[in-house]
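Undergrad: Take this structure first; my questions come after.
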Amino acid sequence: MKDSIALSGAPYTARAAAQPQTRPIVTTWLYTVAVMVALMVVVGGYVRLSRSGLSIVEWNAITGVVPPLTAQAWQEEFAKYQQSPEYQKVNAGMSLDEYKSIFYVEYVHRLIARLVGLVLALPLAYFLLRGFIPWRQSGVYIGIGALFLFQAFMGWFMVASGLVDRPSVSHYRLTAHLLTALALLALCLWTALNHTYRITPAQPGVRVRLASLGLVLTAVVLLQITYGGLTAGLKAGHVSNTWPLMFGYLVPPGLLALIEPWWRNLVDSLATVQFIHRWLAFVVLTLAYVVYRRAAGDDSLRSARTGAATLVAIVSVQILLGISVVLFDVTLPLALLHQATAITLFAAAIFLNHRLIPAPPGGGRAPPSTPALSSPGEGGTASPRYGEETSLSSTPDPSPLRGTGRGRGDESLSSPLRVRRGEGGTRASPQPPTPFSSPRYGEEKGGDRAASRGFSSRRRGKGHQPPTPRTEREGGAAPGDRTSVKGISPCRR
Ligand code: HEM
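Throughout the sequence shown, residue numbering follows our numbering, covering 15 to 507 in sequence.
What follows is the structure, given as structure tokens:
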């Protein structure tokens, strides 16, 4: 077995094969948490865009679950809000009913956050205690729990920045809150993908370069999302509402001379931040296209190619949405869709990398099945090539661990089939069972518009049915510009 794996340059050893494995329900839970985190980001976007985020000025993890129930309780809550900079500088004179409408948006946001916390923590504790997650693999799961707690802290840390002196949150903290959510999403998704796909061992050469390129692409996507967060946090989307020209220029003059020192323009200047964000998108698009072209040239990287093609499509839609957000001056539905698409794009980038990056030895991914008895595949070896995969959740699986007390659908149990798609079609070959935010916006000079605004089921047949051969396709000053160059605003210092 070892020799056979070695044929494909495998990092897998008996060590990987001997790893205790995780149950499918854990994988489902990880995907559920990932989706909930993504939805939370969109809900957070709605809270920000509807200017509701600073309506509740305290954070009570337990008592905050119950909203004010009496007229007196509402008056007390409203009185606290009236002390906040947002009420005094932006919403002065707001009625109690108007206050209630923004209160409830933030209230529901916090309620959903608590729900995500429960959906994360309770099953996690159960899985650990029941041994569904082997203790030696528990590090990443405890990391997910810790990251969620950190994200909750970052949420409050961000809100706290908007409760003193100024009526909006720090654009740095808003961006950090967004990036922490993405880290949580990435960790859940990557771990779930590890359980879902069987990755065959890494092969050197061109695929390593492609995997590196995939990583560079993801880094640039993250940088672009970071600039999206800064653009949103600074409310820089309002600074110029024309495209492709900004203030009548393709490249407005003095973008690095608006504030001192020059480098602060990169993160604090409304015009510079929006300018970077609008054009970095095309670097993302180009890189995604290059990855797609390279993956397209390798027949064994079908799912990576599909992932890269999906990425190119999503980036294209995202660019059109971004341009619309600028042209329509950040209307809520468009801005929200733009945010949701950014999360989808990030998830697609994680998927792509997962298809490209080889797992480390014993890295927790389901190891390849024994290649020795499989029919020779692409590349002339019996073992699977890097990049090929099968979904563990859809293959019948009689296991040698049957009867060991492991649950139905245990991912440690590899399919009896090596399913792969050969040139021109699909084929399956039998396998033996193996174990297996200016100045901030609003404070710029020039009186521009921005300044006026102030942001199968896995049927193992219980292990007794004979394997049925099946095949599976692999994962398968321009007109309309509301500002002028003079209106390019510096930011708050
Ligand atoms: C790869 C492409 C892009 C990605 C991944 C991306 C991502 C993002 C993200 C994550 C945000 C922050 C959302 C929030 O935290 O609420 C954002 C905001 C924004 N983006 Fe993009 N963006 C892309 C392309 C563009 C383009 C091409 C433009 C304009 C030409 C644009 C204009 C904006 C504007 C104006 C905002 C601020 C919206 C607001 O205040 O809510 N984006 N973007």
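In this text, a Cβ means the ideal position worked out from N, Cα and C, and glycines have one as well.
With a threshold of 8 angstroms, are at least 3 pairs of Cβ atoms found where one atom belongs to the segment 92-106 and the other to the segment 60-71?
TA: Yes, since at least three Cβ pairs between the segment 92-106 and the segment 60-71 fall closer than 8 angstroms, the two stretches touch.
Undergrad: With H, G and I counted as helix, E and B as strand and the rest as coil, what does DSSP make of Met260?
TA: Note: Met260 maps to strand in three-state DSSP.
Undergrad: Just checking Val340 against the ligand HEM - is the residue's beta carbon closer than 6 angstroms to any of the ligand's heavy atoms?
TA: Because some heavy atom of the ligand HEM lies under 6 angstroms away, the Cβ of Val340 counts as near it: yes.
Undergrad: Any idea if Arg124 is buried or exposed, counting beta-carbon neighbours within 10 angstroms, 16 or more meaning buried?
TA: Arg124 comes out buried.
Undergrad: To which residues of the same chain is Ala66 closer than 6 angstroms at the C-beta, ignoring the five residues directly before and after it?
TA: The residue you asked about is not Ala; residue 66 is Ser in the sequence shown. These residues qualify, in order along the chain: Ile116, Val119 and Glu120.
Undergrad: Taking only heavy atoms of the ligand HEM into account, decide whether any of them is closer than 6 angstroms to the Cβ of Ala295.
TA: For the ligand HEM, at least one heavy atom lies less than 6 angstroms from the Cβ of Ala295.
Undergrad: How many angstroms separate the CA atom of Met172 from the CA atom of Ser109?
TA: Spanning the two alpha carbons is a distance of roughly 26 angstroms.
Undergrad: Output the distance between the C-alpha atoms of Asn208 and Thr84, rounded to the nearest integer angstrom.
TA: Straight-line Cα distance between these residues: approximately 50 angstroms.
Undergrad: Near Ala48, what residues of its chain come up, given a Cβ to Cβ distance below 6 angstroms and the 5 sequence neighbours on each side ignored?
TA: Cβ within range, chain order: Leu199, Cys202 and Leu203.
Undergrad: Can you tell me whether Gly59 is buried or exposed, with buried defined as 16 or more other CB within 10 angstroms of its CB?
TA: The residue in question, Gly59, is buried, as its Cβ has 16 or more Cβ neighbours within 10 Å.
Undergrad: Report the start-end ranges of each alpha helix (DSSP H) in the segment 274-318 that is 4 residues or longer and not cut off at the edges.
TA: Listed in chain order, the complete alpha helix (DSSP H) runs (minimum 4 residues) inside the segment 274-318 are 279-282 and 284-310.
Undergrad: Is it buried or exposed for Ala322, if we count other Cβ within 10 angstroms and need 16 for buried?
TA: Buried, because 16 or more other Cβ atoms sit within 10 Å of the Cβ of Ala322.
Undergrad: Hey, is Arg292 close to the ligand HEM, as in C-beta under 6 angstroms from one of its heavy atoms?
TA: Correct: Arg292 has its Cβ closer than 6 angstroms to the ligand HEM.
Undergrad: Relative to the C-alpha of Asn157, which candidate in Val183, Leu129, Leu177 and Ala197 has its C-alpha closest?
TA: One point to set straight first is that residue 157 is Gly, not Asn, in the sequence displayed. Nearest option by C-alpha distance: Ala197.
Undergrad: Enumerate, from N- to C-terminal direction, the unbroken alpha helix (DSSP H) stretches of 4 or more residues contained entirely within the segment 47-135.
TA: Runs of the alpha helix (DSSP H) inside the segment 47-135: 85-96 and 99-103.
Undergrad: Can you check whether the CB of Val287 is closer than 7 angstroms to the CB of Leu341?
TA: No, the pair does not count as a contact, with Cβ atoms beyond the cut-off.
Undergrad: In the DSSP assignment, find the alpha helix (DSSP H) that holds Gln165 and state where it starts and stops.
TA: Residues Ser152 to Ala174.
Undergrad: Taking the straight line between their C-alpha atoms, what separation do you get for His191 and Lys249?
TA: When rounded, the distance between both Cα atoms is 16 angstroms.
Undergrad: Could you check whether the segment 256-274 touches the segment 226-233, counting it as contact only if at least three pairs of C-beta atoms, one from each stretch, sit closer than 8 angstroms?
TA: No, the segment 256-274 does not touch the segment 226-233.
Undergrad: If you draw a straight line from the alpha carbon of Gln151 to that of Gln165, how long is it in whole angstroms?
TA: Looking at the two C-alpha atoms, the distance is approximately 23 angstroms.
Undergrad: For Thr189 and Leu366, what's the separation of their Cα atoms in angstroms?
TA: Near 24 angstroms, if we compare the C-alpha coordinates of Leu366 and Thr189.
Undergrad: Work out the CA separation of Leu334 and Phe296 for me, nearest whole Å.
TA: Rounded to whole angstroms, Phe296 to Leu334 spans 11 angstroms at the Cα level.
Undergrad: Are the Cβ atoms of Val329 and Ala195 separated by less than 7 angstroms?
TA: No, Cβ-Cβ distance for Val329 and Ala195 is not below 7 angstroms.
Undergrad: Please report the residue range of the alpha helix (DSSP H) in which Trp204 lies.
TA: Start and end: His185 to Thr210.
Undergrad: Evaluate Thr355 with the Cβ neighbour count: other Cβ atoms within 10 Å of its Cβ, from every protein chain shown; 16 or more gives buried, anything less gives exposed.
TA: Thr355 should be labelled buried.
Undergrad: Does any heavy atom of the ligand HEM sit closer than 6 angstroms to the C-beta of Leu192?
TA: Yes - the ligand HEM has a heavy atom lying nearer than 6 angstroms to the Cβ of Leu192.
Undergrad: Leaving out the 5 sequence neighbours to the left and right, which residues in its chain are closer than 7 angstroms to Val133 when beta-carbon positions are compared?
TA: So the list reads Thr46, Val47 and Met50, once near-sequence residues are dropped.
Undergrad: Specify, as a first and last residue, the run of the alpha helix (DSSP H) that Ala349 falls within.
TA: Leu346 to Leu370 is the extent of the alpha helix (DSSP H) around Ala349.
Undergrad: How about Val329: is its Cβ closer than 6 angstroms to a heavy atom in the ligand HEM?
TA: True, at least one ligand heavy atom lies under 6 angstroms from that Cβ.
Undergrad: State yes or no: is the C-beta of Arg369 within less than 7 angstroms of the C-beta of Ser317?
TA: Contact: yes.
Undergrad: Taking 7 angstroms as the threshold (C-beta atoms), are Trp43 and Pro137 in contact?
TA: Contact flag set, yes.
Undergrad: Examine the ligand HEM and report whether any of its heavy atoms sits within less than 6 angstroms of the Cβ of Thr345.
TA: Answer for Thr345: no, Cβ out of range of the ligand HEM.
Undergrad: Does DSSP put Ile333 in a helix, in a strand, or in coil?
TA: Reduced to three states, the DSSP call for Ile333 is helix.
Undergrad: Indicate the three-state DSSP secondary structure (helix, strand or coil) for Ala271 in the structure shown.
TA: Of the three classes helix, strand and coil, the one that applies to Ala271 here is coil, per DSSP.
Undergrad: From the DSSP output, in three-state form, read off Phe146 for me.
TA: It is coil, neither helix nor strand.
Undergrad: Assuming Thr224 and Arg292 make a contact with CB atoms under 8 angstroms, what is their CB distance in whole Å?
TA: This sequence places Leu at residue 224; Thr is not what is there. About 28 angstroms separates the two Cβ atoms, so there is no contact after all.
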